[in-house]
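**Student:**
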Amino acid sequence: MGNWVENEGLSIFVVLVWLGLNVFLFWWYYLVYDVPPKFFYTRVLLGRALALARAPAACLNFNCMLILLPVCRNLLSFLRGSSACCSTRIRRQLDRNLTFHKMVAWMIALHTAIHTIAHLFNVEWSVQARVEEKGTLAAVLSGLGDKPNESYINFFRQTIANPIGGLYVAFTYLAGITGVVITLALILIITSSTKTIRRSYFEVFWYTHHLFVIFFIGLVIHGAGRIVRGQTAESLAEHNPEICYKNFSHWGKNEACPIPQFAGNPPMTWKWVVGPMFLYLCERLVRFWRSQQKVVITKVVIHPFKTIELQMMKKGFKMEVGQYIFVKCPAVSKLEWHPFTLTSAPEEDYFSIHVRIVGDWTEGLFNACGCDKQEFQEAWKLPKIAVDGPFGTASEDVFSYEIVMLVGAGIGVTPFASVLKSVWYKYCHDATNLKLKKIYFYWLCRDTHAFEWFADLLQSLEAQMQERNNADFLSYNIYLTGWDETQATHFVVHHEEEKDVITGLKQKTLYGRPNWENEFKTIAGNHPGSRIGVFLCGPEGLADTLNKQSISNSEADPRGVHFIFNKENF
Numbered sequence: 001m002g003n004w005v006e007n008e009g010l011s012i013f014v015v016l017v018w019l020g021l022n023v024f025l026f027w028w029y030y031l032v033y034d035v036p037p038k039f040f041y042t043r044v045l046l047g048r049a050l051a052l053a054r055a056p057a058a059c060l061n062f063n064c065m066l067i068l069l070p071v072c073r074n075l076l077s078f079l080r081g082s083s084a085c086c087s088t089r090i091r092r093q094l095d096r097n098l099t100f101h102k103m104v105a106w107m108i109a110l111h112t113a114i115h116t117i118a119h120l121f122n123v124e125w126s127v128q129a130r131v132e133e134k135g136t137l138a139a140v141l142s143g144l145g146d147k148p149n150e151s152y153i154n155f156f157r158q159t160i161a162n163p164i165g166g167l168y169v170a171f172t173y174l175a176g177i178t179g180v181v182i183t184l185a186l187i188l189i190i191t192s193s194t195k196t197i198r199r200s201y202f203e204v205f206w207y208t209h210h211l212f213v214i215f216f217i218g219l220v221i222h223g224a225g226r227i228v229r230g231q232t233a234e235s236l237a238e239h240n241p242e243i244c245y246k247n248f249s250h251w252g253k254n255e256a257c258p259i260p261q262f263a264g265n266p267p268m269t270w271k272w273v274v275g276p277m278f279l280y281l282c283e284r285l286v287r288f289w290r291s292q293q294k295v296v297i298t299k300v301v302i303h304p305f306k307t308i309e310l311q312m313m314k315k316g317f318k319m320e321v322g323q324y325i326f327v328k329c330p331a332v333s334k335l336e337w338h339p340f341t342l343t344s345a346p347e348e349d350y351f352s353i354h355v356r357i358v359g360d361w362t363e364g365l366f367n368a369c370g371c372d373k374q375e376f377q378e379a380w381k382l383p384k385i386a387v388d389g390p391f392g393t394a395s396e397d398v399f400s401y402e403i404v405m406l407v408g409a410g411i412g413v414t415p416f417a418s419v420l421k422s423v424w425y426k427y428c429h430d431a432t433n434l435k436l437k438k439i440y441f442y443w444l445c446r447d448t449h450a451f452e453w454f455a456d457l458l459q460s461l462e463a464q465m466q467e468r469n470n471a472d473f474l475s476y477n478i479y480l481t482g483w484d485e486t487q488a489t490h491f492v493v494h495h496e497e498e499k500d501v502i503t504g505l506k507q508k509t510l511y512g513r514p515n516w517e518n519e520f521k522t523i524a525g526n527h528p529g530s531r532i533g534v535f536l537c538g539p540e541g542l543a544d545t546l547n548k549q550s551i552s553n554s555e556a557d558p559r560g561v562h563f564i565f566n567k568e569n570f
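Using full-length UniProt numbering, read the sequence shown as starting at 1 and increasing by one per residue.
(1) When burial is assigned at 16 or more other CB atoms within 10 Å of the CB, is E255 buried or exposed?
(2) Can you look up V300 in the DSSP assignment and give me helix, strand or coil?
(3) Does the beta-carbon of G408 have 16 or more other beta-carbons within 10 angstroms, so that it is buried, or is it exposed?
(4) Let me confirm a value: F520 is counted as buried when at least 16 other C-beta atoms fall within 10 Å, else exposed. Which label applies?
(5) If you reduce the DSSP assignment to three classes, tell me which class N515 lands in.
(6) Would you call S83 buried or exposed, if buried means 16 or more other Cβ atoms sit within 10 Å of its Cβ?
(7) Which word fits residue 620, buried or exposed, when buried means at least 16 other C-beta atoms lie within 10 angstroms of its C-beta?
(8) Thinking C-alpha only, which one of L188, I523, L480 is nearest G512?
(9) Evaluate N553 with the Cβ neighbour count: other Cβ atoms within 10 Å of its Cβ, from every protein chain shown; 16 or more gives buried, anything less gives exposed.
(10) H209 bridges to which residues according to DSSP?
(11) Near H119, which residues of its chain fall below 8 Å by C-beta distance, leaving aside the five closest residues on each side in sequence?
(12) Give the secondary structure of D388 by DSSP, where H, G and I count as helix, E and B as strand, and everything else as coil.
(13) On a CA-only basis, which of D34, S193, F205, L25 is nearest L335? Give me that one, please.
(14) Expressed to the nearest angstrom, what Euclidean distance is found between the alpha-carbon atoms of I221 and F78?
(15) Going by Cα to Cα distance, which pick from A524, L536, Q311, N547 is closest to R559?
(16) For F565 and F340, I'd like the C-alpha separation in whole angstroms.
(17) In the DSSP assignment, find the unbroken alpha helix (DSSP H) run with R284 in it and report its ends.
(18) Alpha carbon to alpha carbon, how far is Y476 from L510? Give it in angstroms, no decimals.
(19) For Q549, count neighbouring C-beta atoms within 10 Å of its own C-beta (all shown protein chains included) and say buried if the count is 16 or more, exposed if not.
(20) Does the Cβ of N149 have 16 or more other Cβ atoms within 10 Å, making it buried, or fewer, making it exposed?
(21) Would a C-beta distance cut-off of 9 Å place G264 and I227 closer than the cut-off?
(22) So what's G264 in DSSP terms, helix, strand or just coil?
(23) Quick one: grab the DSSP three-state call for T99.
(24) Does DSSP put W337 in a helix, a strand or coil?
(25) Just mark P266 as buried or exposed, buried being the case when its beta carbon has 16 or more other beta carbons within 10 Å.
(26) Are there 16 or more other CB atoms within 10 angstroms of the CB of V274, so buried, or fewer, so exposed?
(27) Please return the same chain residues whose Cβ sits closer than 6 Å to the Cβ of S126, not counting the five positions on each side in sequence.
(28) Cα separation between I308 and S352?
(29) So E402 and K373 are supposed to be a Cβ contact under 8 Å. How far apart are they, rounded?
(30) Please name the residue or residues paired with S531 in a DSSP beta bridge.
(31) Can you give me the Cβ contacts of F248 inside the same chain, cut-off strictly under 7 Å, excluding the 5 residues immediately before and after it?
(32) Does the separation of the CB atoms of M277 and F366 fall below 9 Å?
(33) For E309, which residues does DSSP report across the bridge?
(34) Please state whether the Cβ-Cβ distance between V419 and L434 is less than 9 Å.
(35) Measure the beta-carbon distance from H111 to C59 and round it to whole angstroms, keeping in mind my assumption that it falls under 8 Å.
(36) Indicate the three-state DSSP secondary structure (helix, strand or coil) for R199 in the structure shown.
Given below as structure tokens:
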């Protein structure tokens with residue numbers, strides 16, 4: 001149970017608090033519009049749809065206040081790097097910022113749907129009340145405001161029947177126009193944010209996501225028309241709607257029931273979102289300022305399997321292991337920024353990223369760097385690069401544990417390149433102050449060529465550990481998950497050789513996938529009573545597997561072994 005709390009509990013607690021606040025706000029504002037006499041006559045016109053429109057509106061304000069905070073990367077990095085502000089558990093929650101961002105987005109979509117459907121009924125009934133036959137309470141209420149010294153309750157002042165009246169509201173009233181615009185913007189943002197679109201058409205995702213500017217502008221001015229109206233406090237003191245509604249034909253003739261007066265609700269959304277919008281504006285200004293700082297590409301290395309390494313330098317650039325940066329190449333696109341994990345170590349005098357060529361933007365970067373040409377590329381011909389970051393990730397906490405499991409899948413090995421390089425440098429200079437005592441490293445990859453760019457680093461680290469009589473410090477297991485018959489025959493022939501035929505390492509490459517249950521049980525048996533950090537950069541399916549194994553293989557006794565799961569998330 002203790003490790004379940006460590007791995008999941010605080011996340012579940014945060015989610016439950018967030019869901020609880022949504023439920024509270026919905027129920028509270030539903031009662032605000034469904035019970036008090038202030039909106040008695042409004043309910044006569046609109047029925048329960050009034051409360052069903054206003055309750056999700058309050059939840060929309062709350063969630064739109066939250067939606068920008070998880071993407072304020074500089075703010076999160078500042079909090080993550082401040083030990084005074086953040087404990088280890090809180091830092092691990094900050095690493096789930098994009099997960100929370102997506103959850104809030106889906107909640108916004110849900111409340112938008114409820115709010116929109118409820119207002120469709122409200123508009124229909126408001127329009128219908130204006131053309132209704134005289135003699136009903138709804139008709140009398142809708143007629144208020146047609147004479148001097150009267151205030152209206154029905155925002156629709158024309159006498160146009162449905163469906164034309166409804167369309168008139170949608171495309172001539174401020175609330176209608178902004179409602180249509182922000183709903184369309186939200187639909188485009190959400191539909192273009194699916195995993196398929198992000199991976200295959202990142203540019204579509206990138207550009208449509210910036211419709212959030214239109215969304216927030218529309219959201220702030222959406223309520224400026226004050227179409228939701230209630231009886232004023234002064235009028236309520238003179239005119240009790242729960243009594244006077246029965247004598248609506250004698251309003252103004254009876255002193256006990258003067259003609260009721262109404263006023264619109266002032267817009268409230270801006271009060272919810274102005275703070276986060278200001279923080280996000282500051283965030284963008286910081287990003288712009290950093291993007292203007294000069295970055296020099298010092299070296300471009302072409303690795304097998306269509307992967308390139310960019311080594312760069314930037315004045316004042318400081319990093320920690322496992323961090324990531326956003327990169328823009330104006331020669332490819334003047335607007336697009338793409339995230340890449342840093343593969344260099346803090347001890348090196350440059351910072352580097354490895355880029356796998358898998359889409360239009362990376363293909364453009366590949367060509368801009370001259371990697372498609374056979375001849376040597378002069379340094380002055382290399383494209384200009386803008387860099388924003390670095391930003392913190394879960395891998396920063398690797399050196400907080402004595403025992404760690406590092407699991408990389410495919411190109412997901414990149415953050416651990418930084419970790420292992422930093423370990424190598426620390427061992428070369430001063431290993432005595434290193435808290436980390438044991439690394440279990442797992443790399444899962446489909447193609448043999450993908451191993452080549454990483455093999456040199458592992459060979460250097462392997463040699464360094466043996467030289468210092470500490471070969472047990474690093475246990476690495478490389479799994480090849482895809483091969484053909486020709487390769488299999490080649491592996492069998494060379495299996496008895498001293499070094500692995502693929503990597504050149506003493507540790508032989510394994511074939512297939514790890515039995516994670518056995519791996520966890522073995523490590524737990526080797527390190528009883530330890531807190532073991534599990535770090536993954538890989539797909540969601542593998543994350544679920546490792547998280548479940550971390551929980552099931554941890555002991556209930558606080559003094560027993562505990563696996564703490566961490567996942568890269570950017």
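All C-beta atoms, glycine included, are put in the ideal place defined by N, C-alpha and C. As the structure is a prediction and not an experimental result, all values here were calculated from the model.
**Tutor:** In terms of the structure at hand:
(1) Locating residue 255 in the sequence shown gives position 255, counting from the first residue. Label assigned to E255: exposed.
(2) On the sequence shown, residue 300 is found 300 positions in, with the first residue counted as 1. Three-state DSSP puts V300 in a strand.
(3) Along the sequence shown, read from residue 1 onward, the residue named residue 408 stands at position 408. By the beta-carbon neighbour count (other beta carbons within 10 angstroms, threshold 16), G408 is buried.
(4) As a working mapping, residue 520 is identified with position 520 in the sequence shown. Flag for F520 reads buried.
(5) For the purposes of this step, residue 515 is taken as the residue at position 515 of the sequence shown. N515 falls in the coil class under three-state DSSP.
(6) Working through the sequence shown from its first residue, we reach residue 83 at position 83. Note on S83: pLDDT 48, under 50, position unreliable in the model; no value is reported.
(7) In this structure the chain extends from 1 to 570, so residue 620 is not present and cannot be described.
(8) Numbered from 1 along the sequence shown, position 512 holds the residue referred to as residue 512. Among L188, I523, L480, the Cα nearest to that of G512 is on L480.
(9) The residue labelled residue 553 in the question sits at position 553 within the sequence shown. With 16 or more Cβ atoms within 10 Å of its Cβ, N553 is classed as buried.
(10) Locating residue 209 in the sequence shown gives position 209, counting from the first residue. Residue pairing by DSSP places H209 opposite no residue, since no beta bridge is assigned to it.
(11) On the sequence shown, position 119 is the one that residue 119 refers to. The answer, listed in chain order, is A49, A53, G179.
(12) Walking along the sequence shown from the start, residue 388 turns up at place 388. Reduced to three states, the DSSP call for D388 is strand.
(13) By one-based count along the sequence shown, residue 335 stands at place 335. Comparing Cα-Cα distances from L335 to each of D34, S193, F205, L25, the minimum goes to F205.
(14) Sequence index remark: in the sequence shown, residue 221 carries index 221 (1-based). Sequence index remark: in the sequence shown, residue 78 carries index 78 (1-based). Whole-angstrom Cα-Cα distance: 32 Å.
(15) Position 559 of the sequence shown, counted from the start, is the residue given in the question as residue 559. Answer by Cα proximity: A524.
(16) The residue labelled residue 565 in the question sits at position 565 within the sequence shown. The residue labelled residue 340 in the question sits at position 340 within the sequence shown. Approximately 22 Å between the Cα atoms of the pair.
(17) Numbered from its first residue, the sequence shown carries residue 284 at position 284. Run containing R284: 269–291, per the alpha helix (DSSP H) assignment.
(18) Taking the sequence shown and counting its residues from 1, the one referred to as residue 510 is at position 510. Taking the sequence shown and counting its residues from 1, the one referred to as residue 476 is at position 476. When rounded, the distance between both Cα atoms is 11 Å.
(19) Working through the sequence shown from its first residue, we reach residue 549 at position 549. Looking at its Cβ environment, which holds 16 or more other Cβ atoms inside 10 Å, Q549 is buried.
(20) The count along the sequence shown starts at 1 and reaches residue 149 at position 149. Counting Cβ neighbours within 10 Å, N149 comes out exposed, since fewer than 16 surround it.
(21) By 1-based counting over the sequence shown, the position of residue 264 is 264. By 1-based counting over the sequence shown, the position of residue 227 is 227. The answer is yes: Cβ separation under 9 Å.
(22) As a working note, residue 264 is residue 264 in the sequence shown. Strand.
(23) As a working mapping, residue 99 is identified with position 99 in the sequence shown. The answer is helix: DSSP assigns T99 an H, G or I state.
(24) Within the sequence shown, numbered from 1, the residue matching residue 337 stands at position 337. Coil.
(25) If you number the sequence shown from 1, residue 266 lands on position 266. So P266 counts as exposed.
(26) Position 274 of the sequence shown holds residue 274. Under this definition V274 is an exposed residue.
(27) By 1-based counting over the sequence shown, the position of residue 126 is 126. Excluding positions up to five away in sequence, the list reads N154, F156.
(28) Here residue 308 refers to the residue found at position 308 of the sequence shown. Here residue 352 refers to the residue found at position 352 of the sequence shown. For I308 and S352, the distance between alpha carbons rounds to 10 Å.
(29) For the purposes of this step, residue 402 is taken as residue 402 along the sequence shown, with counting starting at 1. For the purposes of this step, residue 373 is taken as residue 373 along the sequence shown, with counting starting at 1. Going by Cβ atoms, the distance from E402 to K373 rounds to 48 Å, so no, they are not a contact pair.
(30) Here residue 531 refers to the residue found at position 531 of the sequence shown. The sequence given here has Arg at residue 531, not Ser. DSSP output for R531 lists H562 as bridge partner(s).
(31) The residue labelled residue 248 in the question sits at position 248 within the sequence shown. The residues are L137, V140.
(32) By one-based count along the sequence shown, residue 277 stands at place 277. By one-based count along the sequence shown, residue 366 stands at place 366. Contact flag unset, no.
(33) Within the sequence shown, the letter at position 309 stands for residue 309. According to DSSP, which records beta bridges pairwise, E309 is partnered with V301, H354.
(34) Counted from its first residue, the sequence shown places residue 419 at position 419. Counted from its first residue, the sequence shown places residue 434 at position 434. With respect to the 9 Å criterion, V419 and L434 are not classified as neighbours on the basis of their beta carbons.
(35) On the sequence shown, position 111 is the one that residue 111 refers to. On the sequence shown, position 59 is the one that residue 59 refers to. That pair is a contact at about 5 Å.
(36) What you label residue 199 is simply residue 199 of the sequence shown in a count that begins at 1. Three-state result, R199: helix.
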